[in-house]
Amino acid sequence: MGNARRLGRVRERPSNRDSGKFEEYRDIPSGAFLGGLDLRLTTKDDRYLFELKAQDAGEDDQNFRLRGSRLGLYDFEFEWDQIPHVFSRTGRSPYGETSRGVFELPDSIQTTLQGASAAARPGLLRDFLATSARSIDLETRWDIARLTLKLTPTREWDFLAEYTRTRKEGERPIGTTFVFTNQVELPEPIEQTVHDLQLAAAITRERWQLQFAYNLSLFKNDVDVLVWDNPLRVTDIVGGPSRGRLDLAPDNVAHTASVTGAINLPGDSRLTGTYSYGWRFQDDSFVPHTINSAIVDPRLALPADSLDGDVRTQLLNLRFTSRPLPRISLGARYRFYDLDDTTRNLTFPARVRTDTSIITEPLTTSRFSYTRHNAGADVGWRLLGPLSLTVGYDWERWDRDENHREADLTDEHTPRVSLDWTPLDWLVVRTSYRHSWRRINRYDTFAHLAHSVTPEELEADAPQAQSVLLRKFDQADRDRDRVDLLAQISPLDTLVITPTVGVRKDDYKNSRLGLQDDESWVAGLDVSWSPTRTLALFTSYTREEIFARQRSRYREPPAQLENPTFDWVAENRDIVHTVGAGINWSMIPGKLDLRLDWSFSEATGRMQGFNPTPPSGGTAGQNASATAVDFPTITDQLHQLQASVRYNISKSWFVTGRYIWERFDVTDFRTDEIEPWMGGVDASTGTSIFLGAQVRDYTANILAFTVGYRF
1442 MGNARRLGRV RERPSNRDSG KFEEYRDIPS GAFLGGLDLR LTTKDDRYLF ELKAQDAGED
1502 DQNFRLRGSR LGLYDFEFEW DQIPHVFSRT GRSPYGETSR GVFELPDSIQ TTLQGASAAA
1562 RPGLLRDFLA TSARSIDLET RWDIARLTLK LTPTREWDFL AEYTRTRKEG ERPIGTTFVF
1622 TNQVELPEPI EQTVHDLQLA AAITRERWQL QFAYNLSLFK NDVDVLVWDN PLRVTDIVGG
1682 PSRGRLDLAP DNVAHTASVT GAINLPGDSR LTGTYSYGWR FQDDSFVPHT INSAIVDPRL
1742 ALPADSLDGD VRTQLLNLRF TSRPLPRISL GARYRFYDLD DTTRNLTFPA RVRTDTSIIT
1802 EPLTTSRFSY TRHNAGADVG WRLLGPLSLT VGYDWERWDR DENHREADLT DEHTPRVSLD
1862 WTPLDWLVVR TSYRHSWRRI NRYDTFAHLA HSVTPEELEA DAPQAQSVLL RKFDQADRDR
1922 DRVDLLAQIS PLDTLVITPT VGVRKDDYKN SRLGLQDDES WVAGLDVSWS PTRTLALFTS
1982 YTREEIFARQ RSRYREPPAQ LENPTFDWVA ENRDIVHTVG AGINWSMIPG KLDLRLDWSF
2042 SEATGRMQGF NPTPPSGGTA GQNASATAVD FPTITDQLHQ LQASVRYNIS KSWFVTGRYI
2102 WERFDVTDFR TDEIEPWMGG VDASTGTSIF LGAQVRDYTA NILAFTVGYR F
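Using this note's numbering, read the sequence shown as starting at 1442 and increasing by one per residue.
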């Protein structure tokens, strides 16, 4: 027996492909291509199965699946999946990549800029970029191959083996710098491979189940380092390297072994649990402190050839459910996760900052170990026929390494309550409320610094480090309230109305500086109506608003470190509207179908800044630098309209016509005017080189014709 469908489509799209946003995660070709193939063959008793599926064959986002199985014995599947990601199609760079990861400029421009005065350099660089920056596509593609084999030799035993290879290739933007005033943006070469292997065996009995599993993950980066020329120098000197170097993502390996079990207990109860242990290793060779040949010092000798990184993880997850009485349900859960970084600490007697200058303060590495506990319990009670009440409590504790994070211990408590009410056959209401409070045991502003430098250096560096008034938002005292409401109203069998509302408010009550308030709310309405058996109408609208307030202080050493009039406040407000509507209409049942879909979304982001007190007490320049300003508003809009008509010529043949219209408009001061040379916009960037990667507006019209065949 067989059932196959083959789609050959013709698409017409604009010839202008200068829109990375339009093609961000998809490939839209022109002309004829194989849009889809669905081949399924089975024996008469459905004992054996063979499947072959293809989607968008020949395109960058193509997908293939091949599957074969014998009922109750084995199931084999192979999948090939490609995922493109376009960052921008407007990138430009003057650099030539002489070998993978090595970017060079003509010696002539480096020589010219090295010999020019500081005032002349921006103009010379501008003129060079205007004629020498070449176009580059900033995009990557993931090629994913997956093999899966499932075996069921007996009714009690199941075995699984799965191997996945993910290859990542392309370029994406990366920022580099010399002395923090000369930025160079480059296309980072991506040539990475990830291997994943999963093995599992499970046994199932009447009252209990048990599974053993092992996972192996290997990451390989074919490009170890990034090397690039400094446009301002052709020879090395202290304070001015001719090249820069940056280490890229290191090779690493991870192993995870786990056991999962479940058992049915008396009283309509069940206990499930998982324990896993993981090993994470990373031993990539260290890169020397600097590529600048003019910086030579015996203290720059590396304390080791590589990190020899060793991280161990443990996970315990327990869950208990019970229904001791017909109207009562109980639940309890506990989760434990521990990350133990056992890597040795290394002390570096000296280091080099951005290949320009040596810093002779010894620096000791520190580890990121932590433990996280989560526990909770709830009781559900059906009070009356239409009303159910659930009361619960959750607890979360973070126990962090005191040598690295400022707050080593935080506890968060969350009591919660929810109601489900069904007073009528056509009305369902679900609402919930939770209040939580997170508290820290202490806050050591200089925890990381104290374990990284010597006591003498700490005494000198601490006054210019973080403010003692600052609280990082993930380690700060916080009160949170959240309310959610959902209703489903069906006054007619053909009409469903679903309103939703959600509100969240976070109060960082003890944060003098840092995030102080974080609030959001969302409200929406979905309506679907089927006035006849052949016609369905639907529409929806959602509005979401997010507000955050943070307070900080402009600090300029040595005199203006703790000037309270230099405080500034930033209020961020994001508003998102999404509306949609559509029609599904079987114009001639079994013959002619029409589908229309329209949607519109708009997102607006505003950041307003102000000073609670006018800045004073510093120089005129310092007071001006401490004065807060508003950022320009960021907006983007996306319109989408789709219309399709399908006509069944016969039981085997059908044709489809489809039209898609999309329009994207964006206003973003961060990228609207970005070019390789930005000195005309900001004089401080006059000797920097950017990629000019923009996100541009687009309007697209797509027309597709499909001829399909089934057998």
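The beta-carbon is built from N, C-alpha and C at its ideal position, and this holds for glycine as well.
Keep in mind that this is a model prediction, so the values were computed, not measured.
To test your reading of the DSSP string, which unbroken alpha helix (DSSP H) runs of 4 or more residues are found completely within the region 1545 to 1576?
1548 to 1556, 1562 to 1573
Could you name the residues of the same chain whose beta carbon sits closer than 6 Å to that of residue 1638, not counting the 5 residues immediately before and after it, in chain order?
1604, 1657
Quick one: residues in its chain with C-beta nearer than 8 Å to the C-beta of residue 2117, no 5 flanking neighbours on either side, listed in chain order?
1533, 1534, 1535, 1570, 1574, 2130, 2131, 2132, 2133
Three or more beta-carbon pairs under 8 Å between the region 1933 to 1942 and the region 2004 to 2021, yes or no?
no
Just confirm the distance between the C-beta atoms of residue 1845 and residue 1889, as a whole number of angstroms; I'd bet it's less than 8 Å.
5 Å
Test item: CB-CB of residue 2030 and residue 2097 under 9 Å
In this structure, residue 2030 keeps its C-beta atom at 9 Å or more from the C-beta atom of residue 2097.
Do residue 1714 and residue 2221 count as a contact pair if the criterion is CB distance below 9 Å?
The requested residue 2221 is not part of the displayed model; the chain covers only 1442 to 2152.
Report the three-state DSSP secondary structure of residue 2151 (helix, strand or coil).
strand
Pairing CB atoms from the region 1724 to 1743 with CB atoms from the region 1765 to 1773, are three or more of them under 8 Å?
Touching, no, given that fewer than three Cβ pairs across the two stretches are closer than 8 Å.
Boundaries (first-last residue) of the beta strand (DSSP E) holding residue 2065
Element bounds for residue 2065: not the beta strand (DSSP E) but the alpha helix (DSSP H), 2061 to 2066.
Three-state class that DSSP yields for residue 1940 in the structure shown:
strand
Residue burial classification, residue 1865 (beta-carbon count within 10 angstroms, cutoff 16)
exposed
Measuring only from the beta carbon, is residue 1700 closer than 8 Å to any heavy atom that is part of the ligand FAD?
In the structure on display, the ligand FAD does not appear, and there are no ligands present to speak of.
Given 8 Å, three or more beta-carbon pairs between the region 1674 to 1685 and the region 1705 to 1719
no
With burial defined as no fewer than 16 other Cβ atoms inside 10 Å of the residue's Cβ, what is the status of residue 2144: buried or exposed?
Residue burial annotation: residue 2144 is exposed, with fewer than 16 other C-beta atoms found within 10 angstroms of its C-beta.
Hey, how far is the Cα of residue 2107 from the Cα of residue 1690?
32 Å
Excluding five sequence neighbours on each side, which residues of the same chain lie with their C-beta closer than 7 Å to the C-beta of residue 2057?
2006, 2064
Decide if residue 1933 is buried, meaning its Cβ has at least 16 other Cβ atoms within 10 Å, or exposed.
exposed
Based on the DSSP secondary-structure assignment, which residues constitute the bridge partners of residue 1696?
1657, 1720
What does the Cβ neighbour count give for residue 2113, buried or exposed, with the cut at 16 atoms within 10 Å?
exposed
On a CA-only basis, which of 1517, 1788, 1615, 1600 is nearest residue 1589? Give me that one, please.
Selected option, being the one with the closest Cα: 1517.
If you compare alpha carbons, which of 1806, 1790, 1805, 1807 is closest to residue 1799?
When only C-alpha atoms are compared, the closest one is 1790.
Whole runs of the beta strand (DSSP E) within the region 1961 to 2025, excluding any shorter than 3 residues
1976 to 1994
For a test of the three-state rule: what should DSSP assign to residue 1622, helix, strand or coil?
coil
Once DSSP output is grouped into helix, strand and coil, what is the label at residue 2137?
Three-state DSSP puts residue 2137 in coil, outside helix and strand.
Inspect the beta-carbon positions of residue 1915 and residue 1950 and report whether they are closer than 9 Å.
no
Quick test of the definition: if touching needs 3 or more C-beta pairs under 8 Å, does the region 1613 to 1630 touch the region 1591 to 1601?
no
Between residue 1463 and residue 2105, how many whole angstroms is the CB-CB distance? I'm expecting something under 8 Å.
At roughly 7 Å, the Cβ-Cβ gap stays under 8 Å, so residue 1463 and residue 2105 are in contact.
How do the region 1696 to 1716 and the region 1734 to 1747 stand: do at least 3 beta-carbon pairs fall below 8 Å, yes or no?
No: fewer than three Cβ pairs fall under 8 Å.
Does the beta-carbon of residue 2095 have 16 or more other beta-carbons within 10 angstroms, so that it is buried, or is it exposed?
buried
Mark residue 1952 as exposed unless 16 or more other C-beta atoms lie within 10 angstroms of its C-beta, in which case mark it buried.
buried
Out of 2090, 1854, 1994, 2045, state which residue places its alpha-carbon closest to the alpha-carbon of residue 2055.
The shortest CA-to-CA distance from residue 2055 to any of 2090, 1854, 1994, 2045 is the one to 1994.
Residue 1855 beta carbon less than 9 Å from that of residue 1876
yes
Nearest neighbour of residue 2038, chosen from 2044, 2071, 2084 [CA to CA]
2084
C-alpha gap between residue 2103 and residue 2080, whole angstroms
6 Å
What distance in whole Å lies between the Cβ atoms of residue 1811 and residue 1841, which are believed to be in contact at a cut-off of 8 Å?
4 Å
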